[in-house]
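Protein chains in written order, with the numbering used here: chain U, 29 to 143; chain Z, 27 to 140.
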């Protein structure tokens with residue numbers, strides 16, 4: 029089945045460490061997104077990429093970095109500069125074509141806890 | 027920039043009760059509108075969407091939503107909820123001019139008592 033795979037599902041990090049969250053999709057979608065979900069705050073956009081080798085900052089990009097070297101992969105690095113990194117991170121992708129256009133498909137999420 | 031406001035943070039209903047979750051958005055142009063649902067332990071998934079045409083749209087599991095352009099609203103409804111509807115519901119807006127950026131509301135947690 030096509031979908032989005034995020035790993036790891038749970039991650040613990042010490043303060044001052046960088047950590048990279050993986051996101052892989054086999055849907056052949058052009059656009060990929062990273063959202064952060066905090067209780068009572070909905071989903072907030074961190075970074076997005078509409079095409080390989082190109083990405084844009086979302087609303088809360090500070091302390092995060094991304095790369096998009098392959099269409100199917102969009103890893104997110106949470107750097108030590110992110111002041112409050114403990115959160116649930118969701119990766120999503122979007123197909124611009126056909127009846128599914130503009131609908132986001134989400135992964136299962138990665139829960140990051142900073143100790 | 028667009029914004030989305032969901033009126034209720036937590037709704038508790040008994041089975042068979044009717045449901046209406048409010049969603050208002052702020053944006054000066056044309057938008058696509060969505061409701062997504064996150065059932066316990068499951069991925070966030072699409073419940074229903076509005077792009078154009080009939081402002082009353084139907085989604086999965088008996089849900090429907092009505093787009094009222096004059097009120098910038100896209101409220102979600104279900105005539106009779108079931109225990110299995112317990113979930114978190116998110117309203118989202120995507121401007122037609124910048125399909126890259128969807129904005130989500132804060133979410134509404136629905137608890138249905140059996």
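For every residue, glycine included, the Cβ atom is placed at its ideal position computed from N, Cα and C.
Close CB contacts of residue 30 of chain U within its chain, under the 6 angstroms cut and outside five residues either way in sequence, are with 54, 55 (chain order). Note: residue 97 of chain U is not bridge-paired with any residue in the DSSP secondary-structure output.
Below the 7 angstroms Cβ cutoff, chain U contributes 132 as neighbours of residue 128 of chain Z, in chain order. Of all residues in the region 63–84 of chain U, the ones placed with a Cβ closer than 8 angstroms to any Cβ belonging to chain Z are 63, 68, 69, 70, 71, 72, 73, 76, 78, 84, in chain order.
Across the set U:110, U:33, U:36, the C-alpha of U:110 shows the shortest separation from the C-alpha of residue 90 of chain U. Under the 10 Å beta carbon count, residue 42 of chain U is surrounded by fewer than 16 other beta carbons and is classified as exposed. Contact between residue 77 of chain U and residue 59 of chain U holds, since their C-beta atoms are separated by about 7 angstroms, short of 8 angstroms. Around the beta carbon of residue 87 of chain U, fewer than 16 other beta carbons lie within 10 angstroms, which makes this residue exposed. At least one CB atom of chain Z sits nearer than 7 angstroms to the CB of residue 136 of chain U.
A Cβ-Cβ separation of about 5 angstroms places residue 118 of chain Z in contact with residue 128 of chain Z under the 8 angstroms criterion. Residues of chain U with a Cβ closer than 7 angstroms to the Cβ of residue 79 of chain Z do not exist, since the nearest Cβ in that chain sits about 13 angstroms away. The residue from Z:121, Z:93, Z:73 with its alpha-carbon nearest to that of residue 87 of chain Z is Z:73. Note: residue 33 of chain U is bridge-paired with U:52 in the DSSP secondary-structure output. About 13 angstroms separates the beta carbon of residue 63 of chain U from that of residue 139 of chain U, a gap too long to meet the 8 angstroms contact definition.
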